[in-house]
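Colleague:
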Amino acid sequence: MYILQIQEALAKAGYSPGSLDNLAGPQTQAAIKAFQTDHSLEADGMVGPLTHEALFQNTNPVPAQEDQLTSHFNRQEFKCCCEGRYCDGFPNEMNSDLLIKLEALRQTLNTPIIVTSGIRCPTRNQEVGGIGNSKHLTGHAVDCYAPGFSIYDLAEAAKTQGVGVILYEDEGFCHLEI
Ligand SMILES: [Zn+2]
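Be aware that the sequence shown starts at 0, since it is given in numbering that gives the first Met the number 0, and climbs by one per residue.
1. Taking only the alpha-carbon atoms, compute the straight-line gap between M0 and P48 and give it to the nearest angstrom.
2. Based on DSSP bridge pairs, tell me the residues matched to C173.
3. Measure the beta-carbon distance from I118 to G138 and round it to whole angstroms, keeping in mind my assumption that it falls under 8 angstroms.
4. Taking 5 angstroms as the limit, name every residue whose beta carbon sits nearer than that to some heavy atom of ligand 1, in sequence order.
5. Using the Cβ count rule (16 or more neighbours within 10 Å means buried), how would you classify G128?
6. Entirely within the segment 108-163 and at least 3 residues each: give me those beta strand (DSSP E) ranges in chain order.
7. Does D96 pass the burial test, meaning 16 or more other C-beta atoms within 10 Å, or should it be called exposed?
8. Following the continuous alpha helix (DSSP H) through E7, name the residue where it begins and the one where it ends.
9. Please return the same chain residues whose Cβ sits closer than 7 angstroms to the Cβ of G44, not counting the five positions on each side in sequence.
10. Would you say D66 and R74 are within 7 angstroms of each other, going by their C-beta atoms?
11. How long is the line joining the alpha carbons of P25 and G17, rounded to whole angstroms?
12. Taking the continuous alpha helix (DSSP H) assigned at P16, which residues delimit it?
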């Protein structure tokens, strides 16, 4: 999942990673290096925290001010991942207590926390195999990872904020919920 997001970000930024195949092949490596060179980063072909920040800052549209929920989180980051197929993106809003904890977590780790799934409409939830009463439906859960940190580090830090954690080791993200 993560390689694919990097490939998409590279493509949007004008660095062709070849086919969007979710594999870190030679073309993707070359695109990462070219991007790093152009952004005065060490051209090692690896997406560490600095490259990640440059890459995703570079391609994300400037978020609307009114959508800024905390110092580091914007409402759009939590939009339903059905891409508008089944809902307008916000069948619900994120729970403010969870947002406060996420912001605390973000500041503790001092690295961006990348949300892979926030709010979900019931149809999308079913599509991705979420349980019927998933906390994603009500904005009480978020799937995420922190570049530069293992999911185990992220899980430990989340637990100290009093957040419930489910590890998705194969997929490389944590499900956090309150
Ligand atoms: Zn939806």
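Every residue gets a Cβ at the ideal spot worked out from N, C-alpha and C, and that includes glycine.
Modeller: Taking the coordinates as given:
1. With a pLDDT of 49 at M0, under the threshold of 50, the predicted position of this residue should be treated as unreliable, though the coordinate-derived value follows. Distance between the alpha carbons of M0 and P48 is about 17 angstroms.
2. C143, L166
3. 5 angstroms
4. C79, C81, Y85, C86, C120, R123
5. exposed
6. Within the segment 108-163, the complete beta strand (DSSP E) runs of at least 3 residues are 113-116, 140-144.
7. exposed
8. 1-11
9. Closer than 7 angstroms at the Cβ level, and outside the excluded window around G44, lie Q28, I31, K32.
10. yes
11. 9 angstroms
12. Element bounds for P16: n/a, residue is neither H nor E.
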